[in-house]
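Peer 1: Once you've had a glance at the structure underneath, I'll fire off some questions.
In my numbering, the protein residues as written are 56 to 431.
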């Protein structure tokens, strides 16, 4: 038996019939009580909103307005019942973004065009004729100036890009005990200040050690020429020089024939010519060098990836000296000055193992550095 008031619906309680859950009807659209979230102070034009799952719920009025104003509502989360997009949602977008026409939006996606900043005004209609390429957009964040590239900068840019596009570069990093270098530098410095000796620097010493290592590994000292590897009989060392005009890499021909004193004098001579701008252009040709050295240690750089001067197959980067804990000769532990080394090589011509063996030889030459110094 079912007890109820007169006129109350009781059919669902009849025997043998299953109860069905009542369907939830979507409340009627009444714009007046809708709560519109407060607009934020700023809204980015490129802000993305996660796309809701399932069918897009949008009122007819909102859809008509969005299509008319060129607003993409497919990724918009509405504020109406059940996430439904209502007219007020579209109006809010119009208040904060320019209205892009459907044709303009299509061209943006197809041709990778953008809305220039002067056209990106909230509510302003943007047509396909307003769109520009990304590189033509002017900055609105403060003052700026466009500086044309100098001839030197263009040459450097072309060389670096060509190097990375036309070789298989790989860099190995290690460090070497620098106590021998520092001890010799300490002896040389007062004599150099008095004029008794050339001012032999740590960079000169590392260059000398590098040359000795290249003599022991001739397979590293050459050029990769697509179907040929050219091995040089002598070391023609290029070394990077920072100048006001840009990076220059002069070449020391037959560097393996020079003493440490002679190498130091020659490096300073070429560096001064680069700074003055009267260096022989032939000495800046990467094809005239068989290997290159670059040093960023003075800037405190701990390691980096030097870029090859193609067709050369290798370049050694010299880093700053850091004191690291290690075991001393008497078995105790202390802090040892170690100089960082970064070897970049062309993997098309040189495998990892021979490159590592060469780098280890450079380390040994530095750690056992004891050349004859004229006048010392």
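The beta-carbon is built from N, C-alpha and C at its ideal position, and this holds for glycine as well.
For the structure I just gave you, are there three or more beta carbon pairs, one from the region 333-352 and one from the region 284-300, closer than 8 Å?
Peer 2: The region 333-352, when compared against the region 284-300, does touch it at the 8 Å Cβ threshold.
Peer 1: How do the region 199-218 and the region 382-394 stand: do at least 3 beta-carbon pairs fall below 8 Å, yes or no?
Peer 2: With a cut-off of 8 Å, the region 382-394 and the region 199-218 do not count as touching, because too few Cβ pairs lie within range.
Peer 1: How close, in whole Å, do the beta carbons of residue 151 and residue 258 come, if the pair is a contact with beta carbons under 8 Å?
Peer 2: Actually they do not touch by this definition, with Cβ atoms about 57 Å apart.
Peer 1: Near residue 325, what residues of its chain come up, given a Cβ to Cβ distance below 6 Å and the 5 sequence neighbours on each side ignored?
Peer 2: Around residue 325: 305.
Peer 1: Secondary structure at residue 418, three-state DSSP: helix, strand or coil?
Peer 2: The answer is helix: DSSP assigns residue 418 an H, G or I state.
Peer 1: Which value, in whole angstroms, describes the spacing of the CA atoms of residue 119 and residue 157?
Peer 2: Answer to the nearest angstrom: the Cα atoms are 13 Å apart.
Peer 1: Any chance the region 244-257 sits against the region 314-329, with 3 or more Cβ pairs inside 8 Å?
Peer 2: Enough Cβ pairs lie closer than 8 Å, so yes.
Peer 1: If we ignore side chains and look at the alpha-carbon of each, how far apart do residue 114 and residue 168 end up?
Peer 2: Those two C-alpha atoms are separated by around 31 Å.
Peer 1: Give the DSSP-derived three-state secondary structure of residue 128 in the structure shown.
Peer 2: Here residue 128 sits in coil by DSSP.
Peer 1: What residue does the beta strand (DSSP E) around residue 382 start on, and which one ends it?
Peer 2: Residue 382 -> beta strand (DSSP E) spans 369-382.
Peer 1: Which runs of the beta strand (DSSP E) fall wholly inside the region 235-301 and span at least 3 residues, in chain order?
Peer 2: Listed in chain order, they are 277-279, 284-286, 292-294 and 296-298.
Peer 1: What residue range does the beta strand (DSSP E) around residue 393 cover?
Peer 2: That run of the beta strand (DSSP E) goes 388-401.
Peer 1: Taking the CB atoms as reference points, tell me whether residue 368 and residue 278 lie closer together than 8 Å.
Peer 2: Their beta carbons are under 8 Å apart, which means residue 368 touches residue 278 by this criterion.
Peer 1: Closer than 6 Å by C-beta to residue 381: which residues in its own chain qualify, once you throw out the five before and the five after it? Chain order, please.
Peer 2: Closer than 6 Å at the Cβ level, and outside the excluded window around residue 381, lie 391.
Peer 1: Per DSSP, which one or two residues make a beta bridge with residue 303?
Peer 2: Its beta-bridge partners are 296.
Peer 1: Would you tell me roughly how many angstroms separate the C-alpha atoms of residue 402 and residue 225, rounded to the nearest one?
Peer 2: Approximately 7 Å between the Cα atoms of the pair.
Peer 1: When the Cα of residue 434 is compared with those of 268, 265 and 239, which residue comes out closest?
Peer 2: Outside the displayed span of the chain (56 to 431) sits residue 434, for which this structure offers no information.
Peer 1: Just mark residue 131 as buried or exposed, buried being the case when its beta carbon has 16 or more other beta carbons within 10 Å.
Peer 2: Burial call: buried.
Peer 1: Select from 262, 320 and 282 the residue whose C-alpha is nearest the C-alpha of residue 373.
Peer 2: For the residues 262, 320 and 282, the minimum Cα distance to residue 373 belongs to 262.
Peer 1: For residue 121, I'd like the list of residues in its chain whose CB is within less than 7 Å of its CB, leaving aside the five on either flank, ordered along the chain.
Peer 2: So the qualifying residues of the chain are 128 and 145.
Peer 1: What are the partner residues of residue 232, as DSSP defines its beta bridges?
Peer 2: Per DSSP, 393.
Peer 1: Provide the residue span of the beta strand (DSSP E) that contains residue 340, from first to last.
Peer 2: No beta strand (DSSP E) contains residue 340, which DSSP labels as neither H nor E.
Peer 1: Quick test of your reading: residue 420 and residue 268, contact by CB under 8 Å. State the CB separation rounded to the nearest angstrom.
Peer 2: Yes, residue 420 and residue 268 are in contact; Cβ-Cβ is about 5 Å, under 8 Å.
Peer 1: I'd like to know whether the C-beta atoms of residue 416 and residue 244 end up nearer to each other than 8 Å.
Peer 2: No. Outside cutoff.
Peer 1: At which residues does the beta strand (DSSP E) containing residue 350 begin and terminate?
Peer 2: First-last of the beta strand (DSSP E) with residue 350: 346-350.
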